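One structure is given below, encoded as structure tokens.
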Amino acid sequence: MPLMNWGSAVNAGKARAATLLTAFFSILLILAWCLTQKFPQVSIQTENFRESPRQLDNPNRGFYCLLAFQIADEPTDYNLLLDEMMKDTSGTSLSLVEINLQNYRDCALTSAALTNIDNLFVALKHWEKQLIVRFLYDWDGKNLEQEPENLDLILTHMEQLEYVLREHSQSIFTLQGLFVGHWGEMHGTAYSSTEDFRVLAEKLAAVTDPATYLAVRTPAQWRAITGQGTPGGLTGLAARLGLFNDGMLGNESDWGTYHTSGESLGRRSRREELDFQRQLSLKTPNGGEIIIDNPYNDFEAAVDALNTMGVTYLNRDYDREVLEKWEQTTIWDGSCYNGLNGLEYIQCHLGYRLFISQASLSYDWISRSLEVEIQIENTGFSPLYREPKVQIRLLRRADGHIADFDLPQELRRLAGGGREESPVKYSLHLSLADWEKGRYALYFSLTDTHSGQSILLANEQDQEDLGYLIGSLELS
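Positions in the sequence shown are counted from 1; adding 432 to them yields our numbering.
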């Protein structure tokens with residue numbers, strides 16, 4: 433071997449030896465430092481989560497009860513009325529409140545009438561149900577005899593109701609209709625032109641809280657009012673405007689909601705309108721009532737349609753013949769819903785149905801931190817339309833001290849409806865450096881910001897006072 437090459441090899445060997453020696457002493461220093469530190473002993477237990485078939489009494493979804501009131505000048509004890517009307521409303525978190533203004537078809541609302549309407553909302557608040565509200569002039573299918581003869585008077589009524597609608601906005605989920613039409617359903621009215629509907633909708637939007645949803649009877653009316661052919665890129669009124677359908681699954685056209693042979697008066701075919709609702713229901717709620725026993729509301733066909741339309745709420749009393757038909761069906765699909773009847777299955781899936789699909793707790797010894805990861809999915813027919821308050825809550829068992837950690841509000845993107853989507857994943861990094869020794873518990877909590885109600889999850893675990901137990905740890 434040439435002398436120069438042999439010397440280079442020796443030098444290279446010395447360099448490697450020096451590097452290894454440096455690494456060795458570095459490891460020794462790290463170990464020595466670790467021995468001087470007082471690392472806590474950390475014991476962690478994480479809960480296992482599975483979806484369950486339990487019914488959830490959550491806000492802004494599910495079956496609703498119907499309450500109807502005719503407004504007059506005479507003082508009315510709404511507390512007494514509601515005590516009687518609410519006797520059989522268990523299992524519902526929504527009420528459809530119909531408010532008939534027929535007595536004022538030829539004049540402005542009096543101060544006595546406005547006081548009665550305000551008192552009605554005050555009395556309703558006691559029952560802690562979110563409200564679907566419909567103002568109308570007709571209950572008899574004789575709307576042209578009942579509604580005001582002047583559009584300006586209807587607009588005046590809307591303006592007069594602004595205080596009440598804003599004052600009680602926390603209780604109102606959506607407003608159905610534009611005051612006009614048979615049963616307030618926007619047909620059989622003198623004010624059915626596109627311009628009239630647009631004027632009424634814009635006025636109703638102006639006098640209500642921006643967080644209150646509005647709803648019209650058909651997709652064709654929605655397109656006429658908003659001027660949009662598709663429900664994409666929604667802003668302003670369009671972003672608040674949903675649908676209600678009181679002819680749902682009644683026949684091929686949902687009793688005039690769709691056209692049966694192409695486009696007519698702005699209506700499209702059933703398939704096209706179902707696809708339209710599938711898109712619109714990603715942003716605004718859709719609901720109504722099922723009518724008339726027929727093949728379109730047989731159980732499997734109904735589930736497919738309700739899922740496609742993204743239905744959030746339904747009348748719990750109508751049509752009883754259809755609801756009983758669903759009740760006579762039994763679910764055998766290999767899921768957690770095995771053994772439920774069809775009515776129970778649909779009730780479970782109306783609106784959003786959130787559950788924890790995965791959760792994990794781990795300890796990082798280098799950063800002395802607890803790593804929390806939670807994954808949320810939605811198996812309901814529709815999204816959650818109001819972002820809840822999302823928290824991790826930490827309980828120190830020794831003294832009951834609670835620390836709350838807010839998480840991003842992004843659950844609205846869980847579309848539901850069987851749409852392929854990635855779950856929402858939450859990650860939280862909690863430094864344990866200053867934590868006292870002892871036992872701790874971590875909870876996951878969702879709260880509706882309008883009603884203040886807790887949002888229940890479709891897991892096998894029961895909700896506790898602080899939410900759903902994710903896991904426990906002990907520092908010693």
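Backbone N, C-alpha and C define an ideal beta-carbon position, used for all residues, glycine too.
Predicted model, so just to flag it, every value in this text is computed and none were measured.
- Query: Just reading off the beta strand (DSSP E) that A737 is part of, what are its end residues?
  - Reply: Element bounds for A737: not the beta strand (DSSP E) but the alpha helix (DSSP H), F731 to M741.
- Y769 to V639, Cα distance in whole Å? Taking the straight line from one Cα to the other gives about 44 Å.
- Kindly confirm or deny that the segment 648 to 661 and the segment 676 to 690 touch, where touching means at least three C-beta pairs closer than 8 Å. As far as the Cβ criterion goes, the segment 648 to 661 touches the segment 676 to 690, which means the pair count is three or higher.
- Task: Give the DSSP bridge partners of I722, in chain order.
- Result: In the DSSP output, where bridge partners are listed per residue, I722 has M680.
- Could you give the DSSP three-state label for F629: helix, strand or coil? In the structure shown, the three-state DSSP call for F629 is helix.
- Are the Cβ atoms of G848 and Y784 separated by less than 9 Å? Yes.
- Alpha carbon to alpha carbon, how far is K561 from D730? Give it in angstroms, no decimals. If I take the Cα positions, the gap works out to 30 Å.
- Query: Taking the continuous alpha helix (DSSP H) assigned at D707, which residues delimit it?
  - Reply: Membership of D707 in the alpha helix (DSSP H) is indicated by the continuous run R702 to L712.
- Message: Just to confirm the assignment, what range does the beta strand (DSSP E) spanning L646 have?
- Response: In this chain, the beta strand (DSSP E) harbouring L646 covers Y645 to V648.
- What does DSSP give as the partner residues of C497 in its beta bridges? Under DSSP, C497 takes part in a beta bridge, and its partners are S527.
- When burial is assigned at 16 or more other CB atoms within 10 Å of the CB, is G659 buried or exposed? A residue is called buried once 16 or more other Cβ atoms fall within 10 Å of its Cβ, and G659, having fewer, is exposed.
- Taking all protein chains shown into account, do 16 or more other C-beta atoms lie within 10 angstroms of the C-beta of L610, making it buried, or fewer, making it exposed? Around the beta carbon of L610, 16 or more other beta carbons lie within 10 angstroms, which makes this residue buried.
- Under 9 Å, do S877 and S886 count as touching if we go by C-beta distance? For S877 and S886, yes; Cβs fall inside 9 Å.
- Task: List the DSSP bridge partners of G774.
- Result: According to the DSSP secondary-structure assignment, G774 is paired through a beta bridge with no residue.
- Distance between Q608 and F676 (C-alpha atoms, nearest Å): Each residue's alpha carbon lies about 7 Å from the other.
- Message: According to DSSP, is N535 part of a helix, a strand, or is it coil?
- Response: Residue state, collapsed to three classes: helix.
- Helix, strand or coil at K519 [DSSP, three-state]: Coil.
- Message: Tell me the DSSP secondary structure of A545 in three-state form.
- Response: DSSP places A545 in the helix class (H, G or I) of the three-state scheme.
- Item | Beta carbon of P580 nearer than 9 Å to that of S525 | For P580 and S525, no; Cβs fall outside 9 Å.
- Pairwise C-alpha distance: T606 and Y875: Taken atom to atom, the span from the alpha-carbon of Y875 to that of T606 is near 32 Å.
- Neighbour-count burial assignment, A890, 16 or more Cβ in a 10 Å radius: It is buried - the Cβ of A890 has at least 16 other Cβ atoms within 10 Å.
- What are the residues that DSSP puts in a beta bridge with N810? DSSP, once it has assigned bridges, lists L786 as partnering N810.
- Query: Do you know offhand how far D572's Cα is from A647's?
  - Reply: For D572 and A647, the distance between alpha carbons rounds to 22 Å.
- Message: Here's the rule: buried if 16 or more other CB atoms are within 10 angstroms of the residue's CB, otherwise exposed. What is K869?
- Response: Under this definition K869 is an exposed residue.
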